[in-house]
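What follows is a set of notes on a single structure, which appears directly below.
Number of protein chains: 2
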Amino acid sequence: MSEFLDRRAFLQAGLRWSLVMPALPGLAAEGAPAPQSTGFSNYGQPAPSERHVIRLIGSNPRMPGNGVSWTPLEALEGILTPSGLHFERHHNGIPEIDPQHFALLIHGMVQQPLRFDLTDLLRYPRQSRALFLECGGNSNAGWHAEPMQKPVGAFHGLVSCSEWTGVPLRLLLAEAGIDPRARWVIATGADTAATEVSLPLAKLQDDALLALYQNGERLRLENGYPLRLILPGWEGVRQIKWLTRLEVTDRPAMSRNETAQYTQLLPDGRARQFDFVMGPKSLITSPSHGQRLPGAGLYEVSGLAWSGHGAVAAVDVSQDGGRHWVPARLEAPVLDRCFTRFRAAWQWDGTPAVLQSRVRDQLGNLQPGRAALIAERGRNGYFHYNAVVSWAVDGDGAVRHVYA
Amino acid sequence: MSEFLDRRAFLQAGLRWSLVMPALPGLAAEGAPAPQSTGFSNYGQPAPSERHVIRLIGSNPRMPGNGVSWTPLEALEGILTPSGLHFERHHNGIPEIDPQHFALLIHGMVQQPLRFDLTDLLRYPRQSRALFLECGGNSNAGWHAEPMQKPVGAFHGLVSCSEWTGVPLRLLLAEAGIDPRARWVIATGADTAATEVSLPLAKLQDDALLALYQNGERLRLENGYPLRLILPGWEGVRQIKWLTRLEVTDRPAMSRNETAQYTQLLPDGRARQFDFVMGPKSLITSPSHGQRLPGAGLYEVSGLAWSGHGAVAAVDVSQDGGRHWVPARLEAPVLDRCFTRFRAAWQWDGTPAVLQSRVRDQLGNLQPGRAALIAERGRNGYFHYNAVVSWAVDGDGAVRHVYA
Numbered sequence: 001m002s003e004f005l006d007r008r009a010f011l012q013a014g015l016r017w018s019l020v021m022p023a024l025p026g027l028a029a030e031g032a033p034a035p036q037s038t039g040f041s042n043y044g045q046p047a048p049s050e051r052h053v054i055r056l057i058g059s060n061p062r063m064p065g066n067g068v069s070w071t072p073l074e075a076l077e078g079i080l081t082p083s084g085l086h087f088e089r090h091h092n093g094i095p096e097i098d099p100q101h102f103a104l105l106i107h108g109m110v111q112q113p114l115r116f117d118l119t120d121l122l123r124y125p126r127q128s129r130a131l132f133l134e135c136g137g138n139s140n141a142g143w144h145a146e147p148m149q150k151p152v153g154a155f156h157g158l159v160s161c162s163e164w165t166g167v168p169l170r171l172l173l174a175e176a177g178i179d180p181r182a183r184w185v186i187a188t189g190a191d192t193a194a195t196e197v198s199l200p201l202a203k204l205q206d207d208a209l210l211a212l213y214q215n216g217e218r219l220r221l222e223n224g225y226p227l228r229l230i231l232p233g234w235e236g237v238r239q240i241k242w243l244t245r246l247e248v249t250d251r252p253a254m255s256r257n258e259t260a261q262y263t264q265l266l267p268d269g270r271a272r273q274f275d276f277v278m279g280p281k282s283l284i285t286s287p288s289h290g291q292r293l294p295g296a297g298l299y300e301v302s303g304l305a306w307s308g309h310g311a312v313a314a315v316d317v318s319q320d321g322g323r324h325w326v327p328a329r330l331e332a333p334v335l336d337r338c339f340t341r342f343r344a345a346w347q348w349d350g351t352p353a354v355l356q357s358r359v360r361d362q363l364g365n366l367q368p369g370r371a372a373l374i375a376e377r378g379r380n381g382y383f384h385y386n387a388v389v390s391w392a393v394d395g396d397g398a399v400r401h402v403y404a
Numbered sequence: 405m406s407e408f409l410d411r412r413a414f415l416q417a418g419l420r421w422s423l424v425m426p427a428l429p430g431l432a433a434e435g436a437p438a439p440q441s442t443g444f445s446n447y448g449q450p451a452p453s454e455r456h457v458i459r460l461i462g463s464n465p466r467m468p469g470n471g472v473s474w475t476p477l478e479a480l481e482g483i484l485t486p487s488g489l490h491f492e493r494h495h496n497g498i499p500e501i502d503p504q505h506f507a508l509l510i511h512g513m514v515q516q517p518l519r520f521d522l523t524d525l526l527r528y529p530r531q532s533r534a535l536f537l538e539c540g541g542n543s544n545a546g547w548h549a550e551p552m553q554k555p556v557g558a559f560h561g562l563v564s565c566s567e568w569t570g571v572p573l574r575l576l577l578a579e580a581g582i583d584p585r586a587r588w589v590i591a592t593g594a595d596t597a598a599t600e601v602s603l604p605l606a607k608l609q610d611d612a613l614l615a616l617y618q619n620g621e622r623l624r625l626e627n628g629y630p631l632r633l634i635l636p637g638w639e640g641v642r643q644i645k646w647l648t649r650l651e652v653t654d655r656p657a658m659s660r661n662e663t664a665q666y667t668q669l670l671p672d673g674r675a676r677q678f679d680f681v682m683g684p685k686s687l688i689t690s691p692s693h694g695q696r697l698p699g700a701g702l703y704e705v706s707g708l709a710w711s712g713h714g715a716v717a718a719v720d721v722s723q724d725g726g727r728h729w730v731p732a733r734l735e736a737p738v739l740d741r742c743f744t745r746f747r748a749a750w751q752w753d754g755t756p757a758v759l760q761s762r763v764r765d766q767l768g769n770l771q772p773g774r775a776a777l778i779a780e781r782g783r784n785g786y787f788h789y790n791a792v793v794s795w796a797v798d799g800d801g802a803v804r805h806v807y808a
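Each protein sequence line maps, in turn, to chains A and B. Take the numbering used here: the last position of the first sequence gets the number 404, and nothing is skipped along the way. Take the numbering used here: the last position of the second sequence gets the number 808, and nothing is skipped along the way.
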């Protein structure tokens with residue numbers, strides 16, 4: 001009988017994994033060729049045998065520099081994404097900015113316009129936070145009529161999680177002196193598209209960071225070097241890369257990326273605009289599409305959960321397409337607006353199953369089922385797809401994406 | 405007057421940093437050359453302007469493959485070290501192991517010897533933990549009669565911190581069935597030196613991990629690909645890279661790395677052996693040796709603290725060489741046997757100062773001053789140097805290493 005095991009059974013189950021080959025005489029690795037030795041390096045790279053683990057690029061040949069690359073979530077563990085595998089979404093290429101000539105301008109409805117070069121910014125107090133960052137268009141294949149048969153990273157991999165370090169923006173806004181009538185800030189990137197978005201001033205005075213570092217080292221070019229705006233829990237397009245200008249104002253800019261794009265078309269034909277917060281979402285990364293279970297037995301079901309509203313409170317898993325749910329174990333640390341890794345022990349009896357996960361965040365927001373999401377949002381959606389993901393495990397162990 | 409500021413003053417101080425240039429007309433970055441645009445990449449690399457941030461290699465030309473590379477701690481932020489900059493200490497090169505031919509053998513005083521290939525190991529339950537990893541020989545220049553004038557990474561950079569993911573070793577030991585008379589485990593690496601150490605069985609039955617992943621992706625070659633033994637809080641040499649054999653036994657092997665090396669010679673001529681746990685340690689990474697403060701004013705003092713005994717409980721900082729101490733702020737998350745980042749706001753009046761930090765861990769262990777360490781351990785020490793580090797700030801803002 002397939003079943004999820006409780007924690008005590010899980011520990012006892014360690015004795016029943018039955019995966020182990022009978023012992024062989026002699027030392028390990030006998031018969032293997034003697035390994036080559038290599039030397040020290042100034043900056044390490046992935047192991048040669050693992051260089052198939054890459055971000056897959058999807059770009060538009062008619063619009064060079066416009067496209068995405070996906071984080072291969074199915075190949076990764078823990079909660080932090082290596083910077084080399086952080087997803088990309090660029091509207092018009094990656095500028096290579098000379099840090100000596102870079103400046104951030106804060107102007108508009110302020111008492112004193114201010115200009116900061118990097119030397120200035122690097123002297124300010126800093127804060128580090130581990131935060132997920134998700135493209136508003138992530139998982140949009142979920143709106144398709146038929147379930148897409150691709151690995152989890154090529155479906156949901158426009159989300160990554162990093163430790164960002166930077167200057168709390170509220171310090172700089174306070175120095176500039178905000179006009180009490182101001183309500184919005186228009187943020188602009190130094191890319192050739194001059195990507196521009198409008199942001200409520202209150203968020204920028206709350207927890208926004210001017211990130212200079214990602215995962216310990218200075219930002220990568222493709223993540224906004226030398227300066228990226230980080231808005232914990234908000235959709236990626238708002239977290240302007242190569243940030244060079246913040247204009248304080250009393251109204252939004254109504255730019256392309258907040259009118260023609262990144263809005264939610266609803267069933268009645270109206271569109272939801274300024275939908276900033278990424279909803280609660282989870283998915284099982286193992287087993288997941290394209291894997292094949294070698295046979296009945298004990299498996300660890302493992303995945304990622306996050307919510308733009310706060311910390312993850314609980315993740316439940318199901319093996320029968322959502323009819324029954326059992327709690328998964330959340331692995332510490334469970335941090336505010338960060339990936340949380342969940343794990344559950346699963347005894348598979350070799351008969352077909354449908355694995356699902358469902359997250360609830362600390363504010364009580366529950367990840368919706370797909371039918372509920374479509375009932376609310378209709379079939380014309382593109383952004384902010386966060387429905388429960390279903391993986392069918394067939395009798396032969398093959399795992400594929402289904403709607404359930 | 406130089407002073408550390410309390411938290412409330414620190415927040416108000418945001419308004420007094422006085423680092424900001426007068427606003428200039430026009431947009432930011434005027435006069436800068438138009439940036440080049442680059443495209444998507446499968447695996448990202450550091451920004452070209454930041455490629456001076458590397459691990460410095462110190463190797464012995466008469467013993468190829470024997471040496472170290474240091475993590476540039478002074479250039480990094482947050483608590484996690486990018487894998488490409490994780491320190492290295494190799495005794496005889498880096499083997500490039502074919503994962504298809506790799507196996508781990510558990511044998512000796514067990515009911516059933518067991519052999520695991522990677523496919524087996526990858527099916528076991530996993531655990532992820534963020535942990536520091538420090539070479540027993542880190543900071544050994546602190547024993548020198550004169551303070552070494554090198555950047556903090558080239559002095560203390562044989563320590564790094566990663567999120568490790570792997571299989572709890574206790575599960576495998578339980579499957580093998582341990583003879584009740586067993587007390588030790590001899591662990592062997594697949595490097596050409598066949599590096600071998602003896603480990604108390606109790607630690608391996610407690611929190612040891614068989615790490616398959618580092619910072620989300622599979623191990624790098626230089627960190628033990630495909631399998632590394634992780635022993636939270638213990639010295640690096642025990643955390644065998646390229647782990648291929650665990651022999652359960654009733655006595656230690658008395659191998660070279662636990663007799664001739666990695667022992668503590670004491671003032672009375674005896675040596676302390678099997679000194680596994682890395683003691684409480686902290687250091688200020690900014691300001692630190694080689695930096696120059698541009699003038700009197702407000703600065704953030706920031707650094708790292710850790711202890712092999714548990715979580716960091718408190719870090720104090722001093723500006724007068726240890727006569728007065730004030731608490732630094734510990735940045736969340738504060739995790740068991742992980743780097744903790746501390747920060748303090750410091751008003752420098754432009755007169756000479758001596759900056760120090762001192763950590764206390766959750767078991768009450770206090771980082772010793774240098775005089776106390778030498779009084780206990782003598783002047784013949786080499787390993788396990790964890791004394792308070794002192795940075796003199798001269799009147800011209802130059803920062804250098806001193807003993808104080």
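Using N, Cα and C, we set each Cβ at its ideal position, and we do this for glycine too.
Residue burial classification, residue i (beta-carbon count within 10 angstroms, cutoff 16)
i: ASP672 of chain B; result: exposed
i: GLU300 of chain A; result: buried
i: LEU335 of chain A; result: buried
i: ARG379 of chain A; result: exposed
i: GLU780 of chain B; result: exposed
i: PHE132 of chain A; result: buried
i: ASP361 of chain A; result: buried
i: ASP720 of chain B; result: buried
Residue-level contact to chain B via CB, residue i, 9 Å cutoff
i: HIS86 of chain A; result: yes
i: VAL53 of chain A; result: yes
i: HIS90 of chain A; result: yes
i: ASP349 of chain A; result: no
i: ASP396 of chain A; result: no
i: GLU425 of chain A; result: What the structure shows of chain A is the stretch from 1 to 404, and residue 425 of chain A is not part of that stretch, so it cannot be assessed.
i: SER198 of chain A; result: no
Inter-residue spacing [alpha-carbon to alpha-carbon] between residue i and residue j
i: ILE79 of chain A; j: ALA534 of chain B; result: 10 Å
i: LEU633 of chain B; j: ALA311 of chain A; result: 31 Å
i: GLY541 of chain B; j: THR663 of chain B; result: 14 Å
i: ALA791 of chain B; j: LEU603 of chain B; result: 26 Å
i: ASP595 of chain B; j: ASP207 of chain A; result: 47 Å
i: TYR629 of chain B; j: GLN531 of chain B; result: 18 Å
i: GLU30 of chain A; j: ALA749 of chain B; result: Its pLDDT being 43, under 50, GLU30 of chain A is placed unreliably in this model, and the value from its coordinates should be taken loosely. Going from the Cα of GLU30 of chain A to the Cα of ALA749 of chain B covers about 58 Å.
i: PRO125 of chain A; j: ARG183 of chain A; result: 25 Å
i: GLY397 of chain A; j: SER286 of chain A; result: 13 Å
i: LEU777 of chain B; j: SER473 of chain B; result: 26 Å
i: GLU718 of chain B; j: THR249 of chain A; result: Sequence inspection shows Ala at residue 718 of chain B; the Glu mentioned does not correspond to that position. Each residue's Cα considered, the two are about 43 Å apart.
i: GLY754 of chain B; j: LEU204 of chain A; result: 34 Å
Simplified DSSP state of residue i, which is helix, strand or coil
i: GLN618 of chain B; result: strand
i: ALA23 of chain A; result: Residue confidence for ALA23 of chain A is low, a pLDDT of 41 falling below 50, so the modelled location carries little weight; the figure read from the coordinates is stated next. Three-state result, ALA23 of chain A: coil.
i: ASP502 of chain B; result: coil
i: ARG129 of chain A; result: strand
i: SER49 of chain A; result: helix
i: ALA141 of chain A; result: helix
i: GLU579 of chain B; result: helix
i: LEU518 of chain B; result: strand
Beta carbon proximity, residue i to chain A, threshold 9 Å
i: ILE582 of chain B; result: no
i: GLU377 of chain B; result: It is not possible to answer for residue 377 of chain B, since the shown part of chain B is limited to 405 through 808.
i: ARG696 of chain B; result: no
Proximity test, Cβ basis, 9 Å: residue i and chain C
i: GLU134 of chain A; result: Included in the structure are the protein chains A and B, with no chain C among them.
Check whether the segment 300-309 of chain A and the segment 38-48 of chain A touch, using three or more Cβ-Cβ pairs below 8 Å as the test. no
For the pair the segment 88-100 of chain A and the segment 167-181 of chain A, tell me if three or more CB-CB distances fall below 8 Å. no
Contact between the segment 553-571 of chain B and the segment 684-701 of chain B: three or more CB pairs below 8 Å? yes
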